[in-house]
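**Student:**
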Amino acid sequence: MTDLNKNTASELDLAIVDYVTALNEFEQEAPKSEGKTLNLLLARDAVAVALNSLTQSSATTIASLLQLDERLKTQAGAIAEAGKLEDWRSSLNPPESSWWWFFQPAKQAHSWDRFDDLWNGLSVVCITTFAAYMTSLIPKFAVGGFSVLESFGIIGPSGLMALALSSLQGGGGEKVIKNMMNKARIPSHLQSEVTLGISATLLLGAIVAQANLPKIADSYYQEGRKYYDLGLLTKAEEKYKQALNLDPDDDKISLGLGEVYESIGNLEAAEKTYKDSLEDGNPLAFNNLGRVYRHQGNLVTAEAFFRMGLQRSNDDFIKFQLHRNLGWVLLDQKQYDKAALELESAIALDKKINKRRIGGGMANCLLAKVREIQKNKQREQREWEHCKKFARPETLNEYQWLVEAGRRDIASTVDTSSVVAGEETPVTPPVTPNITSPSPKPNTTKPTP
Numbered sequence: 026m027t028d029l030n031k032n033t034a035s036e037l038d039l040a041i042v043d044y045v046t047a048l049n050e051f052e053q054e055a056p057k058s059e060g061k062t063l064n065l066l067l068a069r070d071a072v073a074v075a076l077n078s079l080t081q082s083s084a085t086t087i088a089s090l091l092q093l094d095e096r097l098k099t100q101a102g103a104i105a106e107a108g109k110l111e112d113w114r115s116s117l118n119p120p121e122s123s124w125w126w127f128f129q130p131a132k133q134a135h136s137w138d139r140f141d142d143l144w145n146g147l148s149v150v151c152i153t154t155f156a157a158y159m160t161s162l163i164p165k166f167a168v169g170g171f172s173v174l175e176s177f178g179i180i181g182p183s184g185l186m187a188l189a190l191s192s193l194q195g196g197g198g199e200k201v202i203k204n205m206m207n208k209a210r211i212p213s214h215l216q217s218e219v220t221l222g223i224s225a226t227l228l229l230g231a232i233v234a235q236a237n238l239p240k241i242a243d244s245y246y247q248e249g250r251k252y253y254d255l256g257l258l259t260k261a262e263e264k265y266k267q268a269l270n271l272d273p274d275d276d277k278i279s280l281g282l283g284e285v286y287e288s289i290g291n292l293e294a295a296e297k298t299y300k301d302s303l304e305d306g307n308p309l310a311f312n313n314l315g316r317v318y319r320h321q322g323n324l325v326t327a328e329a330f331f332r333m334g335l336q337r338s339n340d341d342f343i344k345f346q347l348h349r350n351l352g353w354v355l356l357d358q359k360q361y362d363k364a365a366l367e368l369e370s371a372i373a374l375d376k377k378i379n380k381r382r383i384g385g386g387m388a389n390c391l392l393a394k395v396r397e398i399q400k401n402k403q404r405e406q407r408e409w410e411h412c413k414k415f416a417r418p419e420t421l422n423e424y425q426w427l428v429e430a431g432r433r434d435i436a437s438t439v440d441t442s443s444v445v446a447g448e449e450t451p452v453t454p455p456v457t458p459n460i461t462s463p464s465p466k467p468n469t470t471k472p473t474p
């Protein structure tokens, strides 16, 4: 060691001795004075100056200094309270490396902080439960992608949840949450309570969302119906799927989706979807499934479903569809007398409903064909006249039947506003028993009869 280093080492040893003396005096003094406090900090400054002058120092000296610094740190609160550190820093302008000048007063626990552990524990419970709800809810809304509002309504709270949970567990989210609360000027002694409030609100929102899934599903269903009426089948399918994912037990949604599949010719998918509604004995499901079987050429099976639907239906409009379709499938089977009876029942219901609607008048057209085959010219002519006057084909299939029946004259004049090529759409009225009041408003959706 050079003479210079020896002198510097001697200076460091002397500085450490003074540091020990000042620290002992401060620890023993009660109450603490500004003078002793300033003397201690200046003694530590002298150690820093001597240490910085050394090019080499012994491990023993450094170990001794580290132990003294640990003792100094235990007095941090007392030093901050006894000394005027802010004023002294302003005058002396110490560097940040001189950490002993930057001690802060020990925080005194606020009376509200006594229950922070309880509030934090409850917050963890709320957020964990909220996470469980969101794990179930997000996949339900994810069908077809998120809209902007859905993204804010679902992804936003989930992100806030993650931050809050990270904060409570001492993760990286703690700083973010604290900064947010500080910017909102929320006192530190209330931050645990606010975190609990946010957590409970998120959980309550998830519970309310779960309870309102059927209502949300119905809104998607109504959107799907609107798209279906416009012939926008892809969008209608997307909305129906979203609705069905939220409320898989709602028959009208399954029927609507089945109608989309049936309209685009995907009879296998339509059949499967309609069958999902059979468990509750929905008569419209029997009607629609029978229609699929008729398209597939399974006439006897179709007839059976139409008859089972009639056994279960008290709704005049659904019974009208069932009688008409049953008459049609009997006509296909060349059972003309039985077909005539069913079609006459459909016509009677059509008159009872007493409202021009999609599919109305088509029973007259089918009955006219039966009378033509039976060579009953008078009744044939009357039914064709009613057909021409009242018929409003519900689907492309019905319109094509008029052409195949050789009545191009009628096909060229009937109302085809509800017929969209390849996008047939039937009415899906609510299934309500014993409807005798004015006819239900027709649904303009169009499946294949």
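Its first residue numbered 26, the sequence shown is counted upward by one per residue in my numbering.
For each residue, glycine too, the CB sits at the ideal point set by N, CA and C.
It should be emphasised that the depicted structure is a prediction, and the values quoted were computed from it without experimental measurement.
For Glu-121, which of helix, strand or coil comes out of DSSP?
**Tutor:** Coil.
**Student:** Pairing CB atoms from the segment 278 to 298 with CB atoms from the segment 242 to 260, are three or more of them under 8 Å?
**Tutor:** With a cut-off of 8 Å, the segment 242 to 260 and the segment 278 to 298 count as touching, because enough Cβ pairs lie within range.
**Student:** Is it right to say Asp-341 is buried, meaning 16 or more other beta carbons lie within 10 angstroms of its own, or is it exposed?
**Tutor:** Looking at its Cβ environment, which holds 16 or more other Cβ atoms inside 10 Å, Asp-341 is buried.
**Student:** Measure the beta-carbon distance from Leu-258 to Ile-289 and round it to whole angstroms, keeping in mind my assumption that it falls under 8 Å.
**Tutor:** With a Cβ gap of about 6 Å, Leu-258 and Ile-289 count as contacting.
**Student:** Looking only at its own chain, which residues have a Cβ that is under 7 Å from the Cβ of Ala-371, when we skip the five neighbours before and after it?
**Tutor:** Same-chain partners within the cutoff: Phe-345, His-348, Arg-349, Gly-352 and Ala-388.
**Student:** Assuming Ala-40 and Val-72 form a contact by the criterion Cβ under 8 Å, report the distance between their Cβ atoms to the nearest whole angstrom.
**Tutor:** Confirmed, about 5 Å.
**Student:** With a Cβ-Cβ cutoff of 8 Å, do Val-395 and Tyr-361 count as a contact?
**Tutor:** Yes, Cβ-Cβ distance for Val-395 and Tyr-361 is below 8 Å.
**Student:** Nearest by alpha-carbon distance to Asp-38: which of Val-74, Pro-56 and Gln-53 is it?
**Tutor:** Closest by alpha carbon: Val-74.
**Student:** May I have the straight-line CA-CA distance separating Pro-314 from Gly-230, to the nearest angstrom?
**Tutor:** Rather than Pro, the amino acid found at residue 314 in this sequence is Leu. When rounded, the distance between both Cα atoms is 39 Å.
**Student:** Whose C-alpha, out of Asn-422, Glu-54, Leu-143 and Lys-300, is nearest the C-alpha of Glu-218?
**Tutor:** It is Leu-143.
**Student:** Ends of the alpha helix (DSSP H) at Leu-368?
**Tutor:** Counting along the chain, the alpha helix (DSSP H) containing Leu-368 begins and ends at 361 to 378.
**Student:** So for Phe-128, helix, strand or coil by DSSP?
**Tutor:** Correct three-state label for Phe-128: coil.
**Student:** Answer yes or no: do Val-325 and Glu-296 have a C-beta to C-beta separation smaller than 8 Å?
**Tutor:** For Val-325 and Glu-296, no; Cβs fall outside 8 Å.
**Student:** State the CB to CB distance for the pair Leu-110 and Trp-126, rounded to an integer number of angstroms; the pair is presumed to be in contact (CB under 8 Å).
**Tutor:** Right, their Cβ atoms sit about 6 Å apart.
**Student:** Between the beta-carbon of Val-439 and the beta-carbon of Arg-407, is there less than 8 Å?
**Tutor:** In this structure, Arg-407 does not lie closer than 8 Å to Val-439 by Cβ.
**Student:** Let me know the secondary structure DSSP gives Asn-389 once reduced to three states.
**Tutor:** Reduced to three states, the DSSP call for Asn-389 is helix.
**Student:** Quick check on the DSSP output: what are the complete alpha helix (DSSP H) runs of length 4 or more inside the segment 323 to 366, in order along the chain?
**Tutor:** The qualifying runs are 324 to 337 and 341 to 357.
**Student:** Thr-473 to Val-428, Cα distance in whole Å?
**Tutor:** Residue placement at Thr-473 cannot be trusted, given a pLDDT of 40 that sits under 50; what the coordinates show is reported in the next sentence. Whole-angstrom Cα-Cα distance: 17 Å.
**Student:** Suppose you measure from the CA of Gly-384 to the CA of Ala-365; what does that come to, to the nearest Å?
**Tutor:** Spanning the two alpha carbons is a distance of roughly 18 Å.
**Student:** Give every residue of the same chain whose Cβ lies closer than 7 Å to the Cβ of Gln-321, excluding the five residues on either side of it in the sequence, and list them in chain order.
**Tutor:** Leu-292, listed in sequence order.
**Student:** What's the C-alpha gap between Ile-232 and Leu-421?
**Tutor:** Near 45 Å, if we compare the C-alpha coordinates of Leu-421 and Ile-232.
**Student:** Is it buried or exposed for Pro-56, if we count other Cβ within 10 angstroms and need 16 for buried?
**Tutor:** Per the 10 Å Cβ criterion, exposed.
**Student:** Pick from Leu-76, Leu-93 and Leu-67: whose alpha carbon is nearest that of Asn-118?
**Tutor:** Ranking the options by Cα distance to Asn-118, first place goes to Leu-67.
**Student:** Please state the DSSP three-state secondary structure of Gly-283.
**Tutor:** It is helical.
**Student:** Evaluate Ile-435 with the Cβ neighbour count: other Cβ atoms within 10 Å of its Cβ, from every protein chain shown; 16 or more gives buried, anything less gives exposed.
**Tutor:** Ile-435 is buried by the Cβ-count criterion.
**Student:** What residue range is occupied by the uninterrupted alpha helix (DSSP H) comprising Ile-87?
**Tutor:** Where Ile-87 is concerned, the enclosing alpha helix (DSSP H) stretches over 84 to 99.
**Student:** Report yes if the C-beta distance between Leu-356 and Leu-391 is below 8 Å; otherwise report no.
**Tutor:** Against a cut-off of 8 Å, the Cβ pair of Leu-391 and Leu-356 comes out as a contact.
**Student:** Which term fits Gln-267, buried or exposed, when burial requires 16 or more other beta carbons within 10 angstroms of its beta carbon?
**Tutor:** Looking at its Cβ environment, which holds 16 or more other Cβ atoms inside 10 Å, Gln-267 is buried.
**Student:** Roughly how many angstroms lie between the CA atoms of Ser-136 and Asn-145, to the nearest whole one?
**Tutor:** Cα-Cα distance, rounded: 16 Å.
**Student:** Just the Cα atoms here: how many angstroms apart are Ser-338 and Pro-164?
**Tutor:** About 36 Å.
**Student:** Identify the continuous alpha helix (DSSP H) that holds Thr-154 and give its terminal residues.
**Tutor:** Start and end: 141 to 166.
**Student:** Going by beta-carbon coordinates alone, are Asp-272 and Leu-309 separated by less than 8 Å?
**Tutor:** Their beta carbons are not under 8 Å apart, which means Asp-272 does not touch Leu-309 by this criterion.
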